[in-house]
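Report on one structure; see the data block that follows.
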Amino acid sequence: MSGVLRAAWLIARKDLRVEARNREIAYTTLFFAMSCVLIFAFAFIVEGQPLADAAAGILWVAVTFSGTLALGRAFERERQSETLRALLLAPVERAAIYLGKLLALLTLMIGVELVIVPVIGILFAAPLARAPWLLASLVATGTVGFGAVGTLFAAMLVRAQSRDVLLPVLLYPMVAPVVIAGVRGTAALFAAEPDFAAAGTWLTMLVFFDAVFVTLALWLFGPVMRE
Amino acid sequence: MRTRRPLVWLALLTLVVLAGVSAVAFQDDTFKPLKPGDPGQETLPATPLVFVAYAFVWTLLLGYVFLLWRKLGRVERELAEVNARLRTGPRTP
Amino acid sequence: MTRVVPFLLVIAALMFMRAPFMIDAAPYESTMGLVQKIFYFHVPAAITTFLSVFVCGIASAIFLVRRKRMADHVAVAAAELAVLFGLMVIVTGPLWARKAWGVWWTWGDARLVMTFVMWMVFVAYLLLRKFGGPGSEVLAAAAGIFGMVLVPFVYWSVNYWRTVHPSTDVIRTLPPEMSSVLSWCIYSFFVLYAALLLLRTQLESHRASLDEAFLALED
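Right, dumping it as structure tokens:
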């Protein structure tokens, strides 16, 4: 087991090192998330005031959209230089490859979220400081759920035609439970009368989703990525 | 021709649904005060709704069975043809 | 196996022809009246949709583990039928809701949203098969398994919102004159589903052997 984790760590570090060299995904994803926020600001600000629950919705739209962008780009990089094939040929377990890619993606997404969440808090007057740990856990578990499904499908689609459109088409319905739980949990937290119990329930649900999705993706990754 | 047929079916089906739905949707939706003794909710007639629902299900099913039957027939014909050519045709390129 | 298809189709056709008379004779529901009769097609179509989702998921799993091509053909057939029957549910539901709830659609209901999400998942599955190019059957198998596993999760998450749908207990507490009609319709849908599944699977197998034959011809 420790071998798998070590290999996963090495793969994630490799991905992050490639990313650190030109920071392409980080910059583009972050700016794309900002543009999402901008577009939604046009839609959900009525007479200078954000609609109820708008901040929670915008937060998750920005996370999922920019996450899709990061996923697509990360695997496009592997495809262009055929490095994914090299990875698959390497004497490491499939699970390690999956976990490594997931880890790298999550690091990137959480980095973007560290910027985007405060920005949304400022622009939409969302009470971030009300329960910072609960909010952080909701965002983190939601990101893990999204990333777990996303990494599996993005890796699968590397060899498929029209992968650019098929990724969001497949991914958004599949992560519906995660998005519902994330948005409703965050909305319960941001509401004028916060409902911490509901937010806690959503968080529990998200933890459960994460466990199931990661397990399922780990199991599927092997047979799907067989050459 | 072979790709257009399903489209024709789909268009027909959409037409049926749209006709029914619009018959209901474009009815006078404005507020009408209840007359005494009027059983409120009954302003919306149920018959077109039920009719459209059943028409849709039946058309969809019949259309699907018909399409499937035709596609199957065509593939079977082609398969027989290709197999015949495989058996009789010259082996040399 | 495929010999039984015409037989099944005839039975299904006869059952479907009798269904309208039974539905017509069934008693009116006291609060909703005539519109409640959509129920007799809406519920069986919904049950068949979810049956199809599970058939697709299980066939996909068998294909992924054992690499039996037959399982893949069944999975495609089931996914397509899930979309077909799901479309019936999604179209007949709003027609009923317009009268019973006063709106075409509501996001506040668990089963509506769940059916819609699952329908989207299987449309995505079909899109993947159609546009994914060679090798997409393995990817589609993963999508099919995910789709099946998703059913309870989507339901729990949406159910926690709030629900206005008649609960499934309604079916058990139905008066016998209504429940007999409902079971008749459910069985009709099942017979038809079996026939369509076999037929569609056969089409897929034929297509696969046609591709092989063409390849053999080219050699």
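Chains as they are written, first to last, in the working numbering: chain A, -17 to 209; chain B, 34 to 126; chain C, 189 to 407.
Note that beta-carbon positions come from the ideal geometry of N, C-alpha and C, so glycine has one too.
- List the residues that DSSP assigns as beta-bridge partners of residue 217 (chain C). According to the DSSP secondary-structure assignment, residue 217 (chain C) is paired through a beta bridge with C:221.
- Task: Identify the continuous alpha helix (DSSP H) that holds residue 144 (chain A) and give its terminal residues.
- Result: For residue 144 (chain A), no alpha helix (DSSP H) encloses it, and the DSSP letter there is neither H nor E.
- Of all the residues that make up the stretch 212 to 232 of chain C, which are near chain A by a beta-carbon distance shorter than 9 Å? Listed by position along the chain: nothing, the set is empty.
- Message: Is there a C-beta anywhere in chain C that falls below 9 Å from the one on residue 80 (chain A)?
- Response: No - not a single Cβ of chain C is within 9 Å of the one on residue 80 (chain A).
- Query: How about residue 246 (chain C) and residue 202 (chain A): do their beta carbons lie closer than 9 Å?
  - Reply: Going by C-beta atoms, residue 246 (chain C) is not nearer than 9 Å to residue 202 (chain A).
- Query: List, in order along the chain, the chain C residues whose C-beta lies closer than 8 Å to that of residue 41 (chain B)?
  - Reply: Ordered by position in chain C, no residue passes the 8 Å Cβ test against residue 41 (chain B), which lies about 18 Å from the chain.
- Query: residue 31 (chain A) bridges to which residues according to DSSP?
  - Reply: Note: residue 31 (chain A) sits in a beta bridge opposite A:28.
- Query: Of all the options A:160, A:59, A:131, which has the alpha carbon lying nearest to the alpha carbon of residue 5 (chain A)?
  - Reply: The shortest C-alpha separation from residue 5 (chain A) is found at A:59.
- Query: For residue 280 (chain C), which of B:79, B:44, B:97, B:45 has the nearest alpha-carbon?
  - Reply: Of the listed residues, the one whose Cα sits closest to residue 280 (chain C) is B:79.
- Query: Under 9 Å, do residue 53 (chain A) and residue 87 (chain A) count as touching if we go by C-beta distance?
  - Reply: Yes, the pair counts as a contact, with Cβ atoms nearer than the cut-off.
- Item | Residue-chain proximity (residue 89 (chain B), chain C), Cβ-Cβ < 9 Å | Yes, its Cβ sits closer than 9 Å to a Cβ of chain C.
- Message: Please list, in chain order, the chain C residues whose beta carbon lies closer than 8 Å to that of residue 206 (chain A).
- Response: Those are 252, 326, 327, 329, 330, listed as they occur along chain C.
- Message: Under 8 Å: do the stretch 294 to 314 of chain C and the stretch 120 to 128 of chain A share three or more Cβ pairs, one atom per stretch?
- Response: In this structure the stretch 294 to 314 of chain C does not touch the stretch 120 to 128 of chain A; the number of beta carbon pairs closer than 8 Å is below three.
- Query: Hey, does residue -11 (chain A) have any beta-carbon neighbour from chain C nearer than 9 Å?
  - Reply: Under the Cβ criterion of 9 Å, residue -11 (chain A) is not counted among the residues facing chain C.
- Item | residue 5 (chain A) - DSSP class collapsed to helix/strand/coil | DSSP places residue 5 (chain A) in coil when its eight states are reduced to three.
- Query: How many Å lie between residue 362 (chain C) and residue 228 (chain C) at the Cα?
  - Reply: Distance from the CA of residue 362 (chain C) to the CA of residue 228 (chain C), rounded to the nearest whole angstrom, comes to 12 Å.
- Item | Under 8 Å by beta carbon: chain B residues contacting residue 280 (chain C) | Neighbours of residue 280 (chain C) on chain B, chain order: 86, 89, 90.
- For residue 313 (chain C), is the classification buried or exposed, using 16 other Cβ atoms within 10 angstroms of its Cβ as the cut-off for buried? By the neighbour-count rule (16 or more Cβ atoms within 10 Å), residue 313 (chain C) is buried.
- Message: Using a Cβ-Cβ distance cut-off of 9 Å, determine whether residue 80 (chain B) contacts chain C.
- Response: Yes - at least one Cβ of chain C is within 9 Å of the one on residue 80 (chain B).
- Select from the stretch 306 to 318 of chain C all residues with a C-beta closer than 7 Å to any C-beta belonging to chain B, and list them in chain order. The residues in question: there are none.
- Query: Do you know how far the Cα of residue 232 (chain C) is from the Cα of residue 373 (chain C)?
  - Reply: Rounded to whole angstroms, residue 373 (chain C) to residue 232 (chain C) spans 6 Å at the Cα level.
- How would you list, in chain order, the residues of chain B whose beta-carbon sits under 8 Å from the beta-carbon of residue 394 (chain C)? Ordered by position in chain B, the residues that pass the 8 Å Cβ test against residue 394 (chain C) are 105, 108, 109, 112.
- Task: Spell out whether any CB of chain B is found under 9 Å from the CB atom of residue 384 (chain C).
- Result: Contacts with chain B at 9 Å (Cβ-Cβ) include residue 384 (chain C).
- Task: Identify the contact partners of residue 341 (chain C) in chain A, using a Cβ-Cβ distance below 8 Å as the criterion.
- Result: Chain A residues near residue 341 (chain C): 159, 191, 194.
- Query: Given that residue 118 (chain B) touches chain C, what residues does it touch there, using C-beta distances under 9 Å?
  - Reply: In chain order, 401, 405 make up the part of chain C whose C-beta sits under 9 Å from the C-beta of residue 118 (chain B).
- Interface residues of chain C around residue 101 (chain B) at Cβ under 9 Å? By Cβ distance, chain C contributes 384, 387, 388, 391.
- Message: Tell me which residues share the same chain as residue 163 (chain A) and place their Cβ nearer than 6 Å to its Cβ, disregarding the 5 neighbours each side in the sequence.
- Response: Cβ-Cβ distances below 6 Å link residue 163 (chain A) to 184, 187, 188 in the same chain, with the five nearest sequence neighbours on each side left out; the list follows chain order.
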